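These notes concern the structure reproduced below.
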Amino acid sequence: MIIGGSPKSGTTVIAALLAKAVGAQFSNDPFWHVLYHDAKDFLLPDILEGRLTVDEFINRFGAYFQARIIKDPDFAFLYPQLKARFPQSQQVFIVRDPRDNIRSILNRLKIPGNLRELEPEDNFIPSSQKGWRAIVDGRGLAISRGNYISRLSQRWCLGTRQYFDAKSSIHLVRYEDFVADKVGVIEQLADDLGLAVVNDISGEVDKQFQPRGDRNAVLENFFGRENLRIIEATCAKPMSAFGYAAGA
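When we follow numbering that gives the first Met the number 0, the leftmost residue of the sequence shown carries the number 0, and every step to the right adds one.
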């Protein structure tokens, strides 16, 4: 099972609970493990820009691809290559409203949402945080225009593209549906994937798998009117397709 989405979209909790429910091994975030423990570099941009292939990455770091369930949010950009390498695999895409998704990323990085741009002297993302720098900058995705909110919005849109291109073969989970019924959504996902539920996860669903953002933040207060407008304008079409209303 290949699970992708966006950073801070719920991929970790959903993949971990699915693995627990079906009694499967779970491999979490290969790109980040390679960054911190192996290559000391964030290699997703190398793949996206053609300097490294998915096959080469997997051959080099194969230990992270041995589990039955493998999750990395940035797999959202690599579904076709991963399907070619693992033709029998099933794929899952997890989506979250981009306004909350981007707010949660910025909460994680302690970056305000209402700035015009990130100035180097503010040092919000130290050079040691290569993965987050690549994400906020949009590295590897030919994203160069606009401020940091625009870049994160474009990245969210690009992360949805491969789902829409092949949605008949990729299972969708909306993070908001998961929050509303955690056990039910995990059990339905397991059923959709043809996996038998063998463990009760009801006592696990409120466990915190990632640092929690400020879900109670008023979006216009957090982003300011202009940055919120940028998100809603940039992401309007996929937002509508996923059922996320503008101005909500």
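Yeah, the Cβ is synthetic: ideal placement off N, Cα and C, and Gly gets one too.
Small disclaimer: the values here were computed from a predicted structure and weren't measured.
Exposed or buried, which one is residue 75 when buried takes at least 16 other CB atoms within 10 Å?
buried
CA-CA distance, residue 232 and residue 241?
15 Å
If we ignore side chains and look at the alpha-carbon of each, how far apart do residue 104 and residue 194 end up?
31 Å
Give me whichever residues DSSP pairs with residue 173 in a beta bridge.
94
Assign residue 61 to one of three DSSP states: helix, strand, or coil.
helix
Within the continuous alpha helix (DSSP H) that includes residue 250, where are the two ends?
Only positions 0 to 247 of the chain appear in the structure, and residue 250 is not among them; the question remains open.
Given residue 18 as reference, the closest of 9, 239, 97, 200 once Cα atoms are compared
200
Give me, in chain order, the residues of the same chain whose beta-carbon lies closer than 6 Å to that of residue 88; leave out the 5 immediate sequence neighbours on both sides.
1
So, helix, strand or coil for residue 139, using DSSP?
coil
Enumerate, from N- to C-terminal direction, the unbroken beta strand (DSSP E) stretches of 3 or more residues contained entirely within the stretch 144-200.
169-173
According to DSSP, simplified to helix, strand and coil, what is residue 223?
helix
Sort 132, 95, 205 by Cα distance to residue 108 and report the nearest one.
132
Taking 8 Å as the threshold, find out whether the stretch 58-76 comes into contact with the stretch 25-39 through three or more Cβ pairs.
yes
Pair every Cβ in the stretch 174-194 with every Cβ in the stretch 91-103, then say whether three or more of these pairs are closer than 8 Å.
yes
Please go through the same chain and pick out, in chain order, the residues whose beta-carbon is closer than 6 Å to the beta-carbon of residue 23, but skip the five residues on each side of it.
67, 68
Residue 253 - DSSP class collapsed to helix/strand/coil:
Only positions 0 to 247 of the chain appear in this structure, which leaves residue 253 out of reach.
Which residue marks the beginning of the alpha helix (DSSP H) containing residue 236, and which one marks its end?
235-241
In this structure, what does DSSP give as the bridge partners for residue 1?
69, 90
Can residue 186 and residue 20 be called in contact, C-beta distance under 9 Å?
yes
Could you tell me which of 134, 168, 239 sits nearest to residue 153, measuring between CA atoms?
134
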